[in-house]
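Novice: I have a structure here, written as structure tokens, and I will follow up with some questions on it.
Residue numbers (my numbering): 176 to 282.
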């Protein structure tokens, strides 16, 4: 099976973003709740408010749903948008102001 550049960019961007996001937040979660739970309390601003594991799971579920149903479709729409405005998605990328100008002025 052969993939085109836009599909590889969409899938690669999504997988890279998800990997970095969940790995770094997993490390923070482990530090906060498992490895060093009381050591970080001295830096907490609202010391009387404690977040339980159920709320953390609910938050993680909401974030995952948002990333699957908002971020991924947004990435799917970006490549056709770039193609429509004749913008490159290969290196070197066009400057950010050119991308914004083409999208905002719709030409």
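Beta carbons are placed, not taken as given, at the ideal position from N, Cα and C, and that holds for glycine.
1. Within the continuous alpha helix (DSSP H) that includes residue 223, where are the two ends?
2. When the Cα atoms are used, what is the spatial distance from residue 269 to residue 225?
3. Could you give the distance in angstroms between the alpha-carbon of residue 213 and the alpha-carbon of residue 222?
4. Could you pull the start and end residues of the alpha helix (DSSP H) that residue 200 belongs to?
5. Answer yes or no: do residue 189 and residue 247 have a C-beta to C-beta separation smaller than 8 Å?
Specialist: So, from the listed chains and residues:
1. Start at 1 with the first residue of the chain shown, and residue 223 comes out as number 48. For residue 223, no alpha helix (DSSP H) segment is defined, and its DSSP state is neither H nor E.
2. Taking the chain shown and counting its residues from 1, the one referred to as residue 269 is at position 94. Taking the chain shown and counting its residues from 1, the one referred to as residue 225 is at position 50. Approximately 46 Å between the Cα atoms of the pair.
3. What you label residue 213 is simply residue 38 of the chain shown in a count that begins at 1. What you label residue 222 is simply residue 47 of the chain shown in a count that begins at 1. If you draw a straight line from the Cα of residue 213 to the Cα of residue 222, it is about 11 Å long.
4. Translated into positions along the chain shown, residue 200 becomes position 25. Its alpha helix (DSSP H) spans residues 180 to 204.
5. As a working mapping, residue 189 is identified with position 14 in the chain shown. As a working mapping, residue 247 is identified with position 72 in the chain shown. Between residue 189 and residue 247, the gap from beta carbon to beta carbon is short of 8 Å.
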